[in-house]
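Novice: Heads up: the protein sequence lines correspond to chains D and H, in order. The first sequence runs 3 to 250 under our numbering. The second sequence runs 5 to 85 under our numbering. C-beta: ideal position from N, C-alpha, C; glycine also.
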Amino acid sequence: MTGADARVALVTGGSRGIGRAIALRLAADGLTVVVNYSANSTAAADVVARIESAGGRAMPAKADVSDPDQVGNLFDLVTAELGAVDVLVNNAGITRDSLLLRMSHEDFDAVIQTNLRSAFLCTKASLRGMLKAKWGRIISIASVAGISGNAGQANYAASKAGMIAFAKSIAKEVGSRGITSNVVAPGYIETDMTHSLGDGAKESASSAIALGRFGQPEEVAEAVGFLASDASSYITGQVLAVDGGITL
Amino acid sequence: MERNEVSEKLTGVLVSELGLDAGKINDDAHFEEDLDVDSLGVVELLMALEDEFGVKIPDEEAESIMTVGQAVDLVHTKLNS
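1) Could you name the residues of chain H that Val73/D contacts, counting a contact when the two beta carbons are closer than 8 Å?
2) How should His197/D be labelled, buried or exposed, when 16 other C-beta atoms within 10 angstroms of its C-beta is the threshold for buried?
3) Report the rounded CA-to-CA distance for Met3/D versus Ala23/D, giving the unit in angstroms.
4) Would you list, in chain order, the members of the segment 25 to 53 of chain H that have their beta-carbon closer than 7 Å to a beta-carbon of chain D?
5) Please classify Met5/H: is it buried, with 16 or more other beta-carbons within 10 angstroms of its beta-carbon, or exposed?
6) Below 8 Å between beta carbons is the criterion; list the residues of the segment 106 to 135 of chain D that meet it against any residue of chain H, in chain order.
7) Using a C-beta to C-beta distance shorter than 9 Å, which residues of chain H count as neighbours of Val176/D?
8) Tell me whether Lys64/D sits in a helix, a strand or coil according to DSSP, three-state version.
9) Hey, quick one: how far does the beta strand (DSSP E) through Pro188/D stretch, first residue to last?
10) May I ask which residues mark the beginning and end of the alpha helix (DSSP H) holding Ser333/D?
11) If you follow the alpha helix (DSSP H) that Ser43/D is part of, which residue opens it and which one closes it?
12) Assuming Thr97/D contacts Met195/D (C-beta within less than 8 Å), just tell me the rounded distance between them.
13) On the DSSP letters alone, give me the boundaries of the alpha helix (DSSP H) that Gly141/D sits inside.
14) Return the CA-CA distance between Ile114/D and Glu9/H, expressed in angstroms with no decimal places.
15) Taking the Cβ atom as the reference point for each residue, do Glu36/H and Ser43/H lie within a distance shorter than 8 Å?
16) What are the partner residues of Leu242/D, as DSSP defines its beta bridges?
17) Using alpha carbons as the reference points, say which of Gly73/H, Val47/H and Gly58/H lies closest to Glu64/H.
18) Any idea which residues DSSP pairs Thr34/D with across the strands?
19) Within the segment 91 to 166 of chain D, note down every full alpha helix (DSSP H) run reaching 4 residues or more, in order along the chain.
20) To the nearest angstrom, report how far apart Ala212/D and Met165/D are at their CA atoms.
21) Check this for me: beta carbons of Ser55/D and Asn92/D, under 8 Å apart or not?
22) Report yes or no: do three or more beta-carbon pairs, one from the segment 9 to 28 of chain H and one from the segment 200 to 212 of chain D, lie closer than 8 Å?
23) Across the segment 106 to 121 of chain D and the segment 153 to 172 of chain D, are there enough close Cβ pairs to call them in contact, namely three or more that are closer than 8 Å?
24) DSSP state of Ile191/D, grouped into three classes?
25) Taking 8 Å as the threshold (C-beta atoms), are Val35/D and Ala41/D in contact?
26) When DSSP labels each residue in this structure, what does Thr71/H get in the three-state scheme?
27) Might you give, ordered along the chain, the residues of its own chain that have their beta carbon closer than 8 Å to the beta carbon of Phe1/D, omitting 5 neighbours on each side?
28) Spatial neighbours of Gly239/D within its chain, please: C-beta separation below 6 Å, excluding the five flanking residues on both sides.
29) Do the segment 93 to 112 of chain D and the segment 69 to 78 of chain D meet, that is, are 3 or more Cβ pairs less than 8 Å apart?
30) Here's a check: name, in chain order, each residue in its chain whose Cβ is nearer than 7 Å to the Cβ of Val79/H, leaving out the five neighbours to either side.
31) Bridge partners for Val222/D per DSSP, in chain order?
32) Using the Cα positions of Gly131/D and Ser183/D, report the straight-line distance between them to the nearest angstrom.
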C-alpha cells in the first residue's frame with residue numbers, strides 16, 4: 003500500500019466519542035475507514051454518512067471485538083470488501099467504575115475483556131496483512147488512568163496500563179517489518195464517558211489540568227492521525243498523552 | 005502433489021519471501037540455527053506457505069516446525085489428506 007488514499011483503517015468502537023472523531027479524521031486524511039461498533043448501528047451509519055458526504059470512503063462493521071469468532075468474521079469481511087487493514091486503531095473501551103471494595107468480579111472481568119483482550123484479538127488479526135505489506139500502524143487508545151491510576155477505576159486503569167505494555171511488546175516484535183505500535187493516552191475528554199461527571203467533579207478535574215479545560219475528541223484524533231501516517235515512521239512503542247497536562 | 009514437488013515449491017518460497025540462499029536449503033536445515041531465520045520469519049514463512057499451497061496451518065501445528073523437512077512434510081500431509 004502506498005499513499006494514504008490506498009490505505010484501509012479499522013477503528014474499533016468507531017461510532018461514538020473519541021472513536022468517531024478518529025474515524026472522521028482518518029477519512030479526511032484519505033484512508034478508507036471501517037467503523038466498527040458493537041451495538042449502536044445508527045451512530046455507526048451516521049459516521050459513515052458524514053464521511054461519504056465529505057467525499058471520503060467508509061463502511062460500518064458490527065462486531066463485539068472482545069469475542070474471537072466475531073473478530074475473525076470482522077477481518078474476513080474487511081479483507082473481502084477492502085483488502086488488508088493497514089492502520090488498526092484499538093479504541094473500543096468501556097468503564098465499570100466503582101471503588102475496589104464494591105467492585106464485582108463481573109465488572110472487573112468485563113472491563114479487562116473488552117479493553118485489553120479486544121486489543122489482543124484485533125492486533126493479532128491485523129498482523130498477517132501488515133507483515134505481508136511490510137507496513138503497518140497499530141494505535142492503541144489507552145488513558146491517563148493507565149499511566150497514573152485513578153480512584154474508582156482500578157479495573158479500567160489496569161486494562162489501560164495493560165494496553166501500554168502490550169503495545170510496547172508488539173512494537174518490539176514486529177518493528178523490523180516496518181510496523182509501528184504506539185499508544186495515545188487521552189485525559190479528560192468531552193464525550194459520553196465524561197458527560198455523567200457532576201459539575202463539582204468536572205471543576206476539580208479541570209483545576210488539575212495545566213490547560214484548565216477538558217479536551218475535545220478531535221484533539222485526540224489529531225494525534226492518532228499523525229501516528230497513522232508516514233510522518234511517524236520512526237516513532238514506535240511510545241505513549242503520547244493528549245491530556246492538557248494533567249499527568250505533569 | 006508429490007513430496008519432492010512440495011519441496012521444490014517450498015524452496016522457491018524460502019528464496020523469494022525470505023531471501024534465503026537456495027544452496028543452503030535441504031530437509032535437515034534448521035530455520036533458526038542453520039538458515040538464520042528469526043522466530044517472526046518462521047511465522048511469516050508458514051503464512052506464505054498457507055497462501056502458496058492453499059492450506060491452513062493452525063498455531064499448535066506451527067509451533068513444532070523447526071526444519072525445512074518438517075515444513076515440507078506438514079504441507080505434503082495436508083495436501084494429500
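Specialist: Taking the coordinates as given:
1) In the first sequence, counting from the first residue as 1, residue 73/D sits at position 71. Here the premise fails: no neighbours, minimum Cβ distance about 15 Å.
2) As a working note, residue 197/D is residue 195 in the first sequence. Flag for His197/D reads exposed.
3) Taking the first residue of the first sequence as position 1, residue 3/D is located at position 1. Taking the first residue of the first sequence as position 1, residue 23/D is located at position 21. In this predicted model, Met3/D has a pLDDT of only 43, less than 50, meaning its place in the structure is not dependable; the value taken from the coordinates is given anyway. C-alpha separation (whole angstroms): 24 Å.
4) Cβ contacts with chain D come from Leu44, Glu48 and Met51.
5) One-based indexing of the second sequence puts residue 5/H at position 1. By the 10 Å Cβ count, Met5/H comes out exposed.
6) The segment 106 to 135 of chain D vs chain H, Cβ under 8 Å: Arg130, Leu133 and Lys134.
7) On the first sequence, position 174 is the one that residue 176/D refers to. Result: Leu44.
8) On the first sequence, residue 64/D is found 62 positions in, with the first residue counted as 1. Strand at Lys64/D.
9) Here residue 188/D is taken as the residue at index 186 of the first sequence, counted from 1. Per DSSP, Pro188/D is one residue of the beta strand (DSSP E) stretching across Ile181 to Pro188.
10) What is shown of chain D runs 3 to 250, which leaves residue 333/D out entirely.
11) Residue 43/D sits at position 41 when you count from the first residue of the first sequence. Per DSSP, Ser43/D belongs to the alpha helix (DSSP H) from Ser43 to Ser55.
12) Indexing the first sequence from 1 puts residue 97/D at position 95. Indexing the first sequence from 1 puts residue 195/D at position 193. With a Cβ gap of about 6 Å, Thr97/D and Met195/D count as contacting.
13) Here the question's residue 141/D lines up with position 139 in the first sequence. For the sequence presented, residue 141/D should be read as Ile rather than Gly. Not the alpha helix (DSSP H): Ile141/D falls in the beta strand (DSSP E), residues Gly138 to Ile143.
14) For the purposes of this step, residue 114/D is identified with residue 112 of the first sequence, where counting begins at 1. For the purposes of this step, residue 9/H is identified with residue 5 of the second sequence, where counting begins at 1. Taking the straight line from one Cα to the other gives about 48 Å.
15) Locating residue 36/H in the second sequence gives position 32, where the first residue counts as 1. Locating residue 43/H in the second sequence gives position 39, where the first residue counts as 1. In contact: Glu36/H and Ser43/H (Cβ atoms closer than 8 Å).
16) Here residue 242/D refers to the residue found at position 240 of the first sequence. Leu242/D pairs with Val186/D.
17) Within the second sequence, numbered from 1, the residue matching residue 64/H stands at position 60. Out of Gly73/H, Val47/H and Gly58/H, Val47/H has the C-alpha closest to the C-alpha of Glu64/H.
18) One-based indexing of the first sequence puts residue 34/D at position 32. Per DSSP, Val10/D and Arg59/D.
19) Counting only runs that start and end inside the segment 91 to 166 of chain D, the alpha helix (DSSP H) elements of at least 4 residues fall at 107 to 114, 120 to 135 and 147 to 150.
20) Numbered from its first residue, the first sequence carries residue 212/D at position 210. Numbered from its first residue, the first sequence carries residue 165/D at position 163. Ala212/D and Met165/D have their C-alpha atoms spaced approximately 25 Å apart.
21) The count along the first sequence starts at 1 and reaches residue 55/D at position 53. The count along the first sequence starts at 1 and reaches residue 92/D at position 90. Taking 8 Å as the Cβ cut-off, Ser55/D and Asn92/D do not qualify as a contacting pair.
22) no
23) yes
24) Within the first sequence, the letter at position 189 stands for residue 191/D. In this structure, Ile191/D counts as strand in the three-state DSSP scheme.
25) In the first sequence, the residue the question calls residue 41/D occupies position 39. In the first sequence, the residue the question calls residue 35/D occupies position 33. No.
26) One-based indexing of the second sequence puts residue 71/H at position 67. Residue state, collapsed to three classes: strand.
27) With chain D covering 3 to 250 only, the question about residue 1/D has no answer from this structure.
28) Counting from 1 along the first sequence, the entry for residue 239/D is found at position 237. Answer for Gly239/D: Lys170 and Ala173, listed in chain order.
29) no
30) In the second sequence, residue 79/H corresponds to position 75, counting from 1. Excluding positions up to five away in sequence, the list reads Val10, Leu14, Leu53, Phe57 and Val59.
31) Here residue 222/D corresponds to residue number 220 of the first sequence, with the count starting at 1. Paired residue(s): none; Val222/D is not in a bridge.
32) Along the first sequence, one-based indexing puts residue 131/D at 129. Along the first sequence, one-based indexing puts residue 183/D at 181. Looking at the two C-alpha atoms, the distance is approximately 15 Å.
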